Amino acid sequence: ALCTMQAKYGSILYNTVGVLPFGLMSAEMLPEVWKGIATETCKTGFGGGKTCTEALEFTVGKVYLQVICGSALFYAMHLLLEGKSALLASMAMLIGTMGKHILVDDLMPPPPVMAMVALTVALILLAPAAWGRRAYIGFCVVNAATFLLDPLTVITDSFPAVEAGSPAAEIGTFEFEVVALYFLCAAVTVASPSQAYGLAYSCQMGCALLLKHILVNKSGPPAPMVALYAVTSMGAWYEVGWADFPKPLEEAMQAGAIVLHGLI
Numbered sequence: 119a120l121c122t123m124q125a126k127y128g129s130i131l132y133n134t135v136g137v138l139p140f141g142l143m144s145a146e147m148l149p150e151v152w153k154g155i156a157t158e159t160c161k162t163g164f165g166g167g168k169t170c171t172e173a174l175e176f177t178v179g180k181v182y183l184q185v186i187c188g189s190a191l192f193y194a195m196h197l198l199l200e201g202k203s204a205l206l207a208s209m210a211m212l213i214g215t216m217g218k219h220i221l222v223d224d225l226m227p228p229p230p231v232m233a234m235v236a237l238t239v240a241l242i243l244l245a246p247a248a249w250g251r252r253a254y255i256g257f258c259v260v261n262a263a264t265f266l267l268d269p270l271t272v273i274t275d276s277f278p279a280v281e282a283g284s285p286a287a288e289i290g291t292f293e294f295e296v297v298a299l300y301f302l303c304a305a306v307t308v309a310s311p312s313q314a315y316g317l318a319y320s321c322q323m324g325c326a327l328l329l330k331h332i333l334v335n336k337s338g339p340p341a342p343m344v345a346l347y348a349v350t351s352m353g354a355w356y357e358v359g360w361a362d363f364p365k366p367l368e369e370a371m372q373a374g375a376i377v378l379h380g381l382i
């Protein structure tokens, strides 16, 4: 069921309004996320004239920043809806992102991902509800594992010119960590016994990755978004942990000392 937690509204704000600039203004936001990224590659021709084209790493960074936006919306649908509606709306966010890249950017997403999207949507629509959920969870886990364990293959499926160890590969791998996080958050939310616990678990995973990006990669979202994520995470765990603790504690005390001892 949809949770009535206040923390979920912070997560909805972060994963909708907060990430939209990454999708709609990726060229402007990318230098904020990845300091010092090259935006152009220039060559000097005959007569001293310069010819400049967009740097490959900037193109890769822009495209996958849009994928991050789509992935955030992919996860956010589970905070706004429930059941089959949430699953289908979530997949629609992914299909929309792919459609934009195909029709506007003339860029083909990895064929295995597109095939899995079609199969997963078909199972959600046609299979029993439990199997639709399982297909969705499996889709999320497989994609997250691929993005984390073999990012270069996924990158070169869309950008064959990217080489291992290049700046383009580095930024693509960095951004795929965020995409993988959102896929795992969606899987955990669907698999959790309640939306409230799914939100708390998702925030916990997000905090770990956010800390890694800030401390290790010296990168990450703007400070206000970091603050919002931290407050949302604390609120989520407070509402499913501390705020709900007095009631079971009181019931245990009324049931007898042995039950209270077992609880402790």
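Residues in the sequence shown are numbered consecutively from 119, following the working numbering.
From the three backbone atoms N, C-alpha and C, an ideal C-beta is built for every residue, glycine too.
This one's a predicted model, so the numbers in the text were calculated from it and none came from an experiment.
Cα-Cα separation between residue i and residue j, rounded to whole angstroms
i: Thr171; j: Cys160; result: 6 Å
i: Lys153; j: Leu174; result: 16 Å
i: Glu158; j: Phe176; result: 8 Å
i: Ala309; j: Ala245; result: 17 Å
i: Glu293; j: Leu183; result: 7 Å
i: Phe140; j: Asp224; result: 20 Å
i: Tyr132; j: Ser284; result: 31 Å
i: Glu281; j: Gly290; result: 11 Å
i: Leu206; j: Val334; result: 36 Å
i: Leu221; j: Met232; result: 15 Å
i: Leu247; j: Val135; result: Here residue 247 is Ala; the residue named in the question, Leu, does not match the sequence. The straight-line gap from Cα to Cα measures roughly 31 Å.
i: Trp249; j: Gly256; result: 10 Å
i: Met143; j: Ser320; result: 26 Å
i: Lys330; j: Thr162; result: 40 Å
i: Ser337; j: Leu243; result: 40 Å
i: Ile155; j: Ile213; result: 29 Å
i: Met234; j: Thr169; result: 41 Å
Minimum C-alpha distance to residue i - residue among the options
i: Met106; options: Val137, Gln124, Tyr127; result: In the structure displayed, the chain extends from 119 to 382; residue 106 sits before or after that span and is not available.
i: Leu241; options: Met209, Tyr127, Ala304; result: Met209
i: Ala288; options: Ser144, Phe265, Arg251; result: In the sequence as presented, Ala is not what sits at residue 288; that position holds Glu. Of the candidates Ser144, Phe265, Arg251, the one whose C-alpha sits nearest the C-alpha of Glu288 is Phe265.
i: Arg251; options: Lys330, Gly201, Pro228; result: Gly201
i: Leu148; options: Pro340, Trp355, Ala354; result: Pro340
i: His219; options: Leu197, Ile332, Gly188, Ala247; result: Gly188
i: Val181; options: Trp249, Leu197, Ala145; result: Ala145
i: Pro384; options: Ile332, Val178, Leu198, Glu150; result: With the chain covering only 119 through 382, there is no way to say anything about residue 384.
i: Tyr127; options: Gly316, Asp268, Leu198; result: Leu198
i: Cys258; options: Thr307, Gly217, Leu243, Pro229; result: Thr307
i: Pro230; options: Val272, Trp355, Leu243; result: Val272
i: Val151; options: Tyr315, Ile332, Trp355; result: Ile332
i: Asp268; options: Pro228, Ala314, Met234; result: Pro228
Which of helix, strand or coil DSSP assigns to residue i
i: Lys330; result: helix
i: Glu158; result: strand
i: Thr215; result: helix
i: Lys168; result: strand
i: Trp249; result: helix
i: Gly338; result: coil
i: Leu346; result: helix
i: Trp355; result: helix
i: Val135; result: coil
i: Ser312; result: coil
i: Met143; result: coil
i: Leu191; result: helix
i: Met234; result: helix
i: Met226; result: coil
Test item: CB-CB of residue i and residue j under 8 Å
i: Ser129; j: Thr350; result: yes
i: Leu270; j: Leu299; result: no
i: Met352; j: Ser276; result: no
i: Met323; j: Leu346; result: no
i: Glu295; j: Ala125; result: no
i: Thr238; j: Ala253; result: yes
i: Ala348; j: Phe192; result: no
i: Thr215; j: Val260; result: no
i: Ala204; j: Met211; result: no
i: Ala354; j: Leu317; result: yes
Exercise for review: Go through the region 264-307 residue by residue and report every complete run of the alpha helix (DSSP H) that reaches 4 residues or more, in order.
Suggested key: Listed in chain order, they are 269-276.
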